[in-house]
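Presented below is the structure to which this report refers.
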Amino acid sequence: MRAIRCDRFGGPEVLVPADVADPVPGPGQVLVEVSAAGINYADTSRTAGTYSGGQALPFIPGTEVVGRTPDGRRVAALTFAGGGYAARAVVSTVDTVDVPDGVADGPALALLVQGLTAWHLLHGSAALRPGETVVVNAAAGGVGTLAVQLARHLGAGRIIAAASTPEKRALAASLGADATVDSAPDGYTDRVLAANDGAGVDVVLESTGGPTFTAALATLAPLGRLVTYGDASRGGRPPVDPAELANRSVAVAGFWLRPVLTRPDAFHGPLTQLLELTSRGVLRPQLGPAYALEDARRAHEDLLARRTTGKLVLTVD
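Per numbering that gives the first Met the number 0, residue 0 is the first one in the sequence shown, and the count goes up by one each step.
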């Protein structure tokens, strides 16, 4: 079968099309004929050799696939061992969910990592309650666009979207944000408070890190929660003073999807609901370019150069 194989670590140039043997499913696994594979920023860390937990060579990247099982089911699946950038992939049977006919490959792939992240940020770490104010940083990103829509669906009282350009802020507004602000750290706190009529906010979803994290923490109202789930700015790890948290009665939580998915209730139920909301048009996953499997290198180049928005997909003939 055709696949994209990495025999060494490096940049997009290490993504090389190759003919490889079909994978063979073992106990508790199923072979999926892949129609499309999702591309995540974490894939670039795996190919660079910097991914948390390490990566053995050689390997086939890709942890998200949509395709058909031997019995004809159309499924979306996660494969944490990789193997998604290929014509066929082996996945665990417990990591597959049926895809409704009304949901195309791209939106289904967008829900696997980004959608589940947004879901657990709001339901779990932030424990969002109806009527609360939510700030979504990086609101035009894969997680951010879905978090804005989910917060609206869950009854948030006010949604403030932070993004870096007028175009990105307009996108967030079109998806349900009540107010938008520039995400630059200088003046961020004042802009967010002004967008909430001078009051502190209940929840901040924060993936930028560095000075933006510090500025976002200052916007919390008593009993407010900031959930950090990334460090896109690579701005270092700002200190958090437990005494300050206690004095203000605010909380900081961290989130990474992978350990959450070890919980038995964390995958099937949430993903099934996300797919159902998408089939009804309640959620609109934002899609980026689709690339042929053989063009995986170009897809990674575009992603790293920030030339794309929305979910990137590799299509497999």
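Backbone N, C-alpha and C fix where the C-beta goes; we use that ideal spot for every residue, glycine too.
Are residue i and residue j closer than 8 Å when you measure CB to CB?
i, j, result
"Cys5", "Pro69", "no"
"Thr43", "Leu302", "yes"
"Leu149", "Ala117", "yes"
"Ala162", "Ala137", "yes"
"Arg87", "Pro22", "yes"
"Ala252", "Ser124", "yes"
"Gly175", "Gly156", "no"
"Val33", "Val74", "no"
"Leu216", "Val200", "no"
"Ala126", "Val147", "no"
"Phe8", "Gly48", "yes"
"Pro11", "Glu205", "no"
"Val259", "Gly37", "no"
Specify the secondary structure class of residue i as computed by DSSP and reduced to three states.
i, result
"Arg262", "coil"
"Thr92", "helix"
"Phe212", "helix"
"Asp294", "helix"
"Asp6", "coil"
"Leu77", "strand"
"Glu300", "helix"
"Pro106", "helix"
"Thr218", "coil"
"Pro16", "strand"
"Gly268", "helix"
"Asp42", "helix"
"Gly61", "coil"
"Ser34", "strand"
"Leu282", "coil"
"Ala47", "helix"
I think residue i touches residue j, with their Cβ atoms under 8 Å apart; what is that distance to the nearest whole Å?
i, j, result
"Val65", "Leu121", "The Cβ separation is near 24 Å, so there is no contact."
"Ser278", "Gly101", "4 Å"
"Gly268", "Gly287", "Gly268 to Gly287, Cβ: 28 Å. No contact."
"Asn195", "Thr132", "6 Å"
"Val89", "Gln28", "5 Å"
"Pro16", "Pro284", "That pair is no contact at about 27 Å."
"Ala35", "Thr314", "5 Å"
"Val202", "Arg224", "5 Å"
"Ala295", "Leu14", "5 Å"
Ordered along the chain, which non-local residues of its own chain (more than five positions away) have a Cβ less than 6 Å from that of residue i?
i, result
"Ile59", "Ala2, Arg4, Gly81, Gly82, Tyr84, Ala85"
"Asp94", "Ala76, Leu77"
"Gly114", "Leu145, Leu273"
"Pro184", "Pro210, Thr211, Ala214"
"Ala250", "Arg224"
Out of the options, which has the shortest C-alpha to C-alpha gap to residue i?
i, options, result
"Ala245", "Arg296, Gly199, Pro221", "Pro221"
"Glu63", "Phe8, Gly268, Ser51, Ala41", "Ala41"
"Asp18", "Arg45, Met0, Thr227", "Met0"
"Val226", "Ala178, Thr207, Pro241", "Thr207"
"Arg151", "Pro165, Glu166, Thr261, Val134", "Val134"
"Glu275", "Gly9, Ala103, Trp255", "Ala103"
"Gly141", "Arg305, Thr314, Val13", "Arg305"
"Arg257", "Ser51, Ala171, Gly186", "Ser51"
"Thr164", "Phe254, Ala198, Ala139, Asp230", "Ala139"
"Thr261", "His119, Gly53, Gly37", "His119"
"Ser91", "Gly25, Arg45, Gly61", "Gly25"
For residue i, which residues of its own chain have a beta-carbon under 8 Å away from its beta-carbon, when the five flanking residues on both sides are left out?
i, result
"Val96", "Val74, Ala75, Ala76, Phe266, His267, Leu270, Thr271, Leu274"
"Arg67", "Val31, Glu32, Ser34, Arg73, Val74"
Is residue i close to the ligand ADP? I mean its beta-carbon at under 7 Å from any heavy atom of the ligand.
i, result
"Pro69", "Summarising the ligand content, the structure contains no ligands, and the ligand ADP is consequently not present."
In chain order, what residues of the same chain lie with their CB nearer than 7 Å to the CB of residue i, ignoring the 5 residues before and after it?
i, result
"Arg190", "Val180, Asp181"
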